[in-house]
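Numbering (our numbering), first residue to last: 271 to 511.
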Ligand code: 6PG
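Dropping the structure here:
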């Protein structure tokens with residue numbers, strides 16, 4: 271891994287403890303950002319790993335602790351399905367968190383044709399970040415990792431990995447036979463903080479490869495220029511590293 275990249279790791283006994291630790295970090299970063307600039311911008315990960323974290327944030331003490339009206343929540347990616355579809359990241363994140371806190375949520379319109387959804391999301395992001403040139407700087411990006419090394423919906427061997435201008439793109443994932451919309455690497459690599467959440471022995475091999483800079487996985491391409499990457503892991507993974 272490049273020397274300049276600060277890659278830290280925090281190991282918890284299991285998904286519950288990891289989620290609790292992540293909730294504390296999220297709350298601390300939120301307070302810091304809101305104190306500094308009046309807002310806290312986050313790109314949320316889809317998938318199942320972060321759902322415990324989202325449920326903790328929606329409950330006390332974090333429900334009251336965080337100034338949610340100043341928090342802007344985005345998505346790292348979305349499946350191209352309607353928001354009520356079982357596969358929708360919005361659906362699961364809305365049930366766990368968004369429907370419980372008064373944060374502003376920026377949904378990826380998965381019900382639209384993929385490219386239209388990507389363009390609309392990109393416009394929404396640019397508007398939310400004040401139309402500034404270049405990739406927006408998220409205070410925090412939450413990411414998961416698949417056993418194949420994908421993160422968000424940046425899958426190995428897809429053109430999305432080479433995107434240098436767009437903030438969000440539509441990508442057809444052959445092996446899933448489905449369309450996704452995903453943030454691109456320029457956005458992920460502009461973030462101030464990136465938290466990868468990974469739990470369970472099935473992720474051990476890929477996490478070890480990524481941390482050693484091997485395998486050229488998409489998750490290993492997340493190297494924020496000046497931001498910090500923190501891997502939140504459980505012991506099932508850590509003991510295999
Ligand atoms: C998605 C996520 C994806 C996820 C990984 C890990 O839309 O599914 O963006 O990148 O983080 O596939 O998923 P799990 O947390 O369910 O293992």
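Don't be surprised by glycine CBs; every beta carbon is placed ideally from N, CA and C.
Item: Alpha carbon to alpha carbon, how far is residue 447 from residue 415?; Value: 19 Å
Item: By the DSSP assignment, the alpha helix (DSSP H) with residue 301 in it spans what residues?; Value: 285 to 307
Item: Kindly examine the ligand 6PG and report whether one of its heavy atoms sits closer than 8 Å to the Cβ of residue 504.; Value: no
Item: Please determine, among 511, 474, 437, 504, the residue with the shortest C-alpha to C-alpha distance to residue 283.; Value: 504
Item: From the DSSP output, in three-state form, read off residue 280 for me.; Value: strand
Item: Between 298, 280, 302, 311, which lies nearest to residue 458 when the distance is taken from Cα to Cα?; Value: 311
Item: Could you pull the DSSP bridge partners for residue 347 from this structure?; Value: 452
Item: Excluding the five sequence neighbours on either side, which residues of its own chain have a C-beta within less than 7 Å of the C-beta of residue 349, listed in chain order?; Value: 357, 358, 359, 380, 448, 450
Item: Assign residue 428 to one of three DSSP states: helix, strand, or coil.; Value: coil
Item: Would you please state the rounded distance, in angstroms, between the beta carbons of residue 345 and residue 395? I believe it to be under 8 Å.; Value: No, residue 345 and residue 395 are not in contact; Cβ-Cβ is about 10 Å, not under 8 Å.
Item: In the DSSP assignment, find the beta strand (DSSP E) that holds residue 465 and state where it starts and stops.; Value: 463 to 468
Item: Within the same chain, show all residues whose beta-carbon is closer than 6 Å to that of residue 315, passing over the 5 residues directly before and after it, in chain order.; Value: 346, 412, 413, 414
Item: Which two residues bound the contiguous alpha helix (DSSP H) that contains residue 326?; Value: 321 to 327
Item: What number of angstroms, rounded off, separates the C-alpha of residue 496 from the C-alpha of residue 407?; Value: 11 Å
Item: Starting from residue 418, follow its DSSP beta bridges and name the residues at the other end.; Value: DSSP lists no partner for residue 418.
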